[in-house]
Amino acid sequence: MNDIAFSVRGASKTFGGVQALEDVSIDVRRREVIGLIGENGAGKSTLLKILSGIHQPDFGTVLLHGEPVKFRSVAHAMRMGVAMVFQEQSLLPNISVAENIYLGNEGTAVKHGFYRWPLLRRRAAEKLDAIGSQVSPRTRTEQLSFAKRQMVEVAKALATGESSHHEPVILLDEPTSVLEAAEIKRLFDVIRELKKRASVVFVSHRMEEVLTICDRAYVMRDGRCVAECDPASVDVNELYRLMVGRDLTDGYFAEDQQIPHTGEVRLQVSQLTGPGFADISFDLHAGEVLAVVGVQDSGRETLARALVGAASVTSGSVTLDGRVVRFRSPADAVRAGFGYIPGERKTDGALMGLTVEENLTLAHPEQVMRGPVLSRSLEQQKVADWVDKLKIKTPSGSTPLGSLSGGNQQKVVLAKWLVDPGLKVLILDTPTRGLDVGAKADVYALVRQLARAGIAVLLLADSLEEGIAMSHRIVTMRDGRISAEFECAPGARPERTAVLERMV
Amino acid sequence: MTTANTPTAENAGKAAHAHHKAGEGRVNAVKALASRLHQHGVAPALVLGVIVGILALYDNSFLASDSIQSLLEQSAILGLLALGQGFVVMTGRIDLSNAVLASFTAVLVAKLLPSQGPLAIGLVLGLSLAIGLLQGLVHVFAQVPSFIVTLGTLGVWTGLSLTTSKASTILVMQHYGAVSWIYARPYGIPLSFVLVLVLTLLLMSGMRWLRWGRRMRAVGLNERAAAFSGIRTSRVVLSAFALSALLSGIAGVFQIAELQSASADSSDALLLPAIASVVVGGTAIAGGVGGVGRTLLGAIIITVASVGFDIVGIPSSYQPIFYGLFVIVVITVTVDRTRVTSVA
Chain A
613 MNDIAFSVRG ASKTFGGVQA LEDVSIDVRR REVIGLIGEN GAGKSTLLKI LSGIHQPDFG
673 TVLLHGEPVK FRSVAHAMRM GVAMVFQEQS LLPNISVAEN IYLGNEGTAV KHGFYRWPLL
733 RRRAAEKLDA IGSQVSPRTR TEQLSFAKRQ MVEVAKALAT GESSHHEPVI LLDEPTSVLE
793 AAEIKRLFDV IRELKKRASV VFVSHRMEEV LTICDRAYVM RDGRCVAECD PASVDVNELY
853 RLMVGRDLTD GYFAEDQQIP HTGEVRLQVS QLTGPGFADI SFDLHAGEVL AVVGVQDSGR
913 ETLARALVGA ASVTSGSVTL DGRVVRFRSP ADAVRAGFGY IPGERKTDGA LMGLTVEENL
973 TLAHPEQVMR GPVLSRSLEQ QKVADWVDKL KIKTPSGSTP LGSLSGGNQQ KVVLAKWLVD
1033 PGLKVLILDT PTRGLDVGAK ADVYALVRQL ARAGIAVLLL ADSLEEGIAM SHRIVTMRDG
1093 RISAEFECAP GARPERTAVL ERMV
Chain B
411 MTTANTPTAE NAGKAAHAHH KAGEGRVNAV KALASRLHQH GVAPALVLGV IVGILALYDN
471 SFLASDSIQS LLEQSAILGL LALGQGFVVM TGRIDLSNAV LASFTAVLVA KLLPSQGPLA
531 IGLVLGLSLA IGLLQGLVHV FAQVPSFIVT LGTLGVWTGL SLTTSKASTI LVMQHYGAVS
591 WIYARPYGIP LSFVLVLVLT LLLMSGMRWL RWGRRMRAVG LNERAAAFSG IRTSRVVLSA
651 FALSALLSGI AGVFQIAELQ SASADSSDAL LLPAIASVVV GGTAIAGGVG GVGRTLLGAI
711 IITVASVGFD IVGIPSSYQP IFYGLFVIVV ITVTVDRTRV TSVA
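As you go down the protein sequences, you meet chains A and B in turn.
Its first residue numbered 613, the first sequence is counted upward by one per residue in my numbering.
Its first residue numbered 411, the second sequence is counted upward by one per residue in my numbering.
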């Protein structure tokens, strides 16, 4: 078959005793968009790292245009025409777009160590045009939004493909995970443009996206490729079953698990004002899930941070169980029975270099102490309990958190608060952002369980659907103020458009 | 660290094992071994063993108890400064003033001993602790980088020890007995080193068994995440600076005991060797990763190396070159690079 541009045959890879990839084979044809879908930890990142030259497979071969190749590095793979667009962007902020696009691949645009600026800019402009981007090559990269920088990344990937005489293969690693709906649509237009001159591998854990944009999709689970499917003939439920390996029992949002809250007010926020939010008043009851929705910069993240003492408050008051509280730091809030999950898991929530055990007991070490000292046996036993209860996939309790998948990391970050029997209020800033469907469903079920146990939950929902389905009540925020409030109950949930109307 | 013997670990281990192919198993075993070497500070111990072995081949008398004794004795003061620096580095900061502070406290002890007797030691140690807290407070609350704060106080303590000593050596005659016992060698055992060792063991257990130790590492790894977990990060940082200065004070006392005199700059030259000891021991300069015991090993390695260059016969003018290269080479062995993330 001559039209196969890039393929992997029987690839296997293990990390520290965990089989990340087992006997995986995929083909990428010329001018084809391939979808790679699976939960976090299913092996799609590992496969992508093998395709892009970051890792070498322990077994198996990589074939480029029919020839076996061994990529020594990302740079080597790029010279061969295989370019990766990283999830965490790899552009330098302090140089121009044109420089970034050709960084490390300047070719004839550099003469005697000097840039030939007109040539560099013209070439960069060609690449940007090719994907229909409006960005100017002269712009300093840091002035661009995330979505626009991503376009530049794609242009860069296209540019690196020039150095090989074949059409490039472009790998997109979860490119949509932090994009807004309109931006995702733009990205799909770009992918359709790309398809005219390149092969594309599109990695995602969002089923609808793969069904929309891909010509063919591989479903991965537990390090294996479990299915190859045609998006035209498969639906979301079928895809979910393939990805997760089981049917949904409680429904995605576990809505059957929602029970009415007991009615006693746990947290009373009144006229709270600070930089970024103003005149915020609401009651949060024991056992209630209150969702806060709003667009970016609606002020809800700052409000969440202010509630745990990590952002400043200028006026207004917060009452916990009838007593006025004033937190000057998250440490004060934690001692009062608050738990907080920050929006940025990787930088603010998880301590990647500490072990699972150390992360789990970090906020409440007193739970595993005998007298003044930490008890290792008590800690191991407690952590094993939680690992079991939350089905956290980890080789052991002493594994560094950084080597777990995103969903499992987030479960550990959640468990950090659950070890405290005195937990009263849980503030969750987009706890499911970046998680795959299976892990999301797990987190939803867990939030239900916590609410049933009487914990008051303030949920900054990642999507409108999540906010509506998960909560007893939903408040919308706009420009730092509460703009509306809706009651939510199973079977009597507010209309999506009604809520959206009050957000923008 | 812990051995992997929780029930879940066993299950996961078995499950993973079932998938194993023989070759991969061996690769993993090697990797696991390498990571274990790093975890328990075995790497710097091995490095030390190799160096001692080489030196013993050059000069049989190197392993004589006499030279070992004086070597351990020599490493005591460097060890104290390195331990203190180790805590500061662990939190991702640096203390450039700790060596000159040791000189300054030595001058103070020399000045105060004749009039105050043993009380002088208590006074000076109390003062060092206060100085450390002050440096830490300026760093934490005025948000001045630790590099700058301690670079500034490096000047302050240097100046104060010059003016206090009037730039001349102060000989301790009265009450020298209050400190001289530190450098005794009962049954040939260098007491000074034993004291440092005991201190190291105490600090190691603190790191391991108190929540303070874990918080220290958490702050070094990711201060924001640590703060969001309810840790009072500024207190943790303060404790590191206080400990560093207190250990400088103890180093000052040791120095009086060793030399029976103090001059304005007696310990100044130990700043860089102490930092080298910390990193040679395997503590990451960016913080979070490292340990206490391995820092003491680092200090011994640095001391042995400086003696070793003489034994091997490297001319003194060339020694700085070898010393510099030596430190770089050793760090490539002892620093756990698996915790360092890289793209390619």
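Note that the Cβ used here is the ideal one computed from N, Cα and C, for glycine as well.
In this text, all values refer to a predicted model and were calculated from it rather than measured experimentally.
Roughly how many angstroms separate the alpha carbons of residue i and residue j, rounded to a whole number?
| i | j | result |
| --- | --- | --- |
| Met-613/A | Arg-809/A | Caution is warranted here: a pLDDT of 44 is assigned to Met-613/A, below 50, making its placement in the model unreliable, and no coordinate value can be reported. |
| Leu-581/B | Ala-594/B | 19 Å |
| Glu-913/A | Leu-609/B | 46 Å |
| Ser-726/B | Gly-463/B | 22 Å |
| Thr-742/B | Ser-1015/A | 23 Å |
| Gly-630/B | Ile-1039/A | 25 Å |
| Gly-875/A | Glu-1078/A | 23 Å |
| Gln-631/A | Gly-650/A | 16 Å |
| Lys-1023/A | Leu-1058/A | 9 Å |
| Ile-531/B | Leu-570/B | 18 Å |
| Gly-955/A | Val-790/A | 12 Å |
| Val-822/A | Asp-997/A | 37 Å |
| Asp-670/A | Gly-1018/A | 24 Å |
| Val-856/A | Tyr-733/B | 57 Å |
| Thr-1109/A | Leu-1076/A | 10 Å |
| His-897/A | Pro-1007/A | 38 Å |
| Gly-718/B | Leu-465/B | 6 Å |
| Glu-668/B | Met-626/B | 33 Å |
| Pro-555/B | His-549/B | 6 Å |
| Gly-433/B | Val-636/A | Residue placement at Gly-433/B cannot be trusted, given a pLDDT of 49 that sits under 50; the coordinates are not used to answer. |
| Phe-894/A | Gly-703/B | 53 Å |
| His-817/A | Asp-847/A | 15 Å |
| Asn-470/B | Ile-731/B | 26 Å |
| Ala-482/B | Val-739/B | A small fix is needed here, since residue 482/B is Leu in this sequence, not Ala. Taking the straight line joining both Cα atoms gives about 23 Å. |
| Asp-868/A | Ile-1080/A | 14 Å |
| Phe-736/B | Gln-729/B | 10 Å |
| Leu-544/B | Ile-504/B | 15 Å |
| Ser-485/B | Ser-687/B | 10 Å |
| Leu-523/B | Leu-529/B | 8 Å |
| Glu-1113/A | Val-904/A | 14 Å |
Assuming contact is defined by CB atoms lying nearer than 7 Å, are residue i and residue j in contact in what I supplied?
| i | j | result |
| --- | --- | --- |
| Gly-665/A | Val-681/A | no |
| Thr-713/B | Gly-691/B | no |
| Asp-1000/A | Thr-1042/A | no |
| Ile-825/A | Val-645/A | yes |
| Gln-479/B | Tyr-586/B | no |
| Gln-979/A | Val-1031/A | yes |
| Pro-749/A | Ala-710/A | yes |
| Pro-942/A | Val-925/A | no |
| Gly-647/A | Gly-911/A | no |
| Ala-509/B | Leu-681/B | yes |
Going along chain B in order, which residues have a C-beta closer than 9 Å to the C-beta of residue i?
| i | result |
| --- | --- |
| Leu-963/A | Arg-627, Ala-628, Leu-631, Asn-632, Ala-635, Ala-636, Ser-639, Gly-698 |
Using the beta-carbon of each residue, which ones in chain A are nearer than 7 Å to residue i?
| i | result |
| --- | --- |
| Arg-642/B | Ser-941, Ala-943 |
Find the residues of chain B that neighbour residue i, judging by a C-beta separation of less than 7 Å, and give them in chain order.
| i | result |
| --- | --- |
| Glu-970/A | Arg-624 |
| Val-946/A | Gly-640 |
| Ala-1104/A | Residues of chain B passing the Cβ test: none, with the nearest at roughly 36 Å. |
| Ala-975/A | Ser-639, Gly-640 |
Chain A partners of residue i, CB-CB under 8 Å?
| i | result |
| --- | --- |
| Arg-503/B | The contacting residues do not exist; Arg-503/B stays about 17 Å from chain A at best. |
| Leu-620/B | Pro-984, Val-985, Leu-986 |
Which chain B residues are close to residue i, counting only those with a beta carbon under 8 Å from its beta carbon?
| i | result |
| --- | --- |
| Thr-959/A | Asn-632, Arg-634, Ala-635 |
| Ala-922/A | Ala-637, Phe-638 |
| Lys-1028/A | Ser-639 |
Give a single yes or no on whether residue i has its beta carbon closer than 6 Å to a heavy atom of the ligand GDP.
| i | result |
| --- | --- |
| Asn-717/A | No copy of the ligand GDP occurs in the structure displayed, which carries no ligand at all. |
Between the region 1063-1071 of chain A and the region 1096-1103 of chain A, do three or more beta carbon pairs fall short of 8 Å? Segments in contact, no.
Can you list the alpha helix (DSSP H) stretches of 4 or more residues lying completely in the region 691-728 of chain A, in chain order? Listed in chain order, they are 709-713.
Jot down the residue ranges of each uninterrupted alpha helix (DSSP H) in the region 830-915 of chain A, minimum 4 residues, whole runs only, in chain order. Considered as a whole, the region 830-915 of chain A harbours 848-856 as its complete alpha helix (DSSP H) runs of no fewer than 4 residues, in chain order.
Does the pairing of the region 453-472 of chain B with the region 552-562 of chain B give three or more beta-carbon distances under 8 Å? The region 453-472 of chain B makes no contact with the region 552-562 of chain B, as fewer than three CB pairs between them are under 8 Å.
Suppose only complete runs of 3+ residues qualify. What are the beta strand (DSSP E) ranges in the region 988-1060 of chain A, listed by chain order? Runs of the beta strand (DSSP E) inside the region 988-1060 of chain A: 1037-1041.
What are the complete alpha helix (DSSP H) segments, minimum 4 residues, inside the region 507-574 of chain B? Counting whole runs of 4 or more residues, the region 507-574 of chain B contains the alpha helix (DSSP H) stretches 508-526, 529-551.
At which residue ranges does the region 622-699 of chain A contain complete beta strand (DSSP E) runs of 3 or more residues, listed in the order of the chain? Counting whole runs of 3 or more residues, the region 622-699 of chain A contains the beta strand (DSSP E) stretches 630-641, 645-650, 671-676, 679-681, 694-697.
Contact between the region 946-962 of chain A and the region 631-644 of chain B is defined here as three or more beta-carbon pairs at a separation below 8 Å; is this criterion met? Segments in contact, yes.
Could you give the uninterrupted runs of the beta strand (DSSP E) lying entirely in the region 642-693 of chain B, keeping only those of 3 residues or more? If we require 3 residues or more, the region 642-693 of chain B turns out to have no beta strand (DSSP E) run fully inside it.
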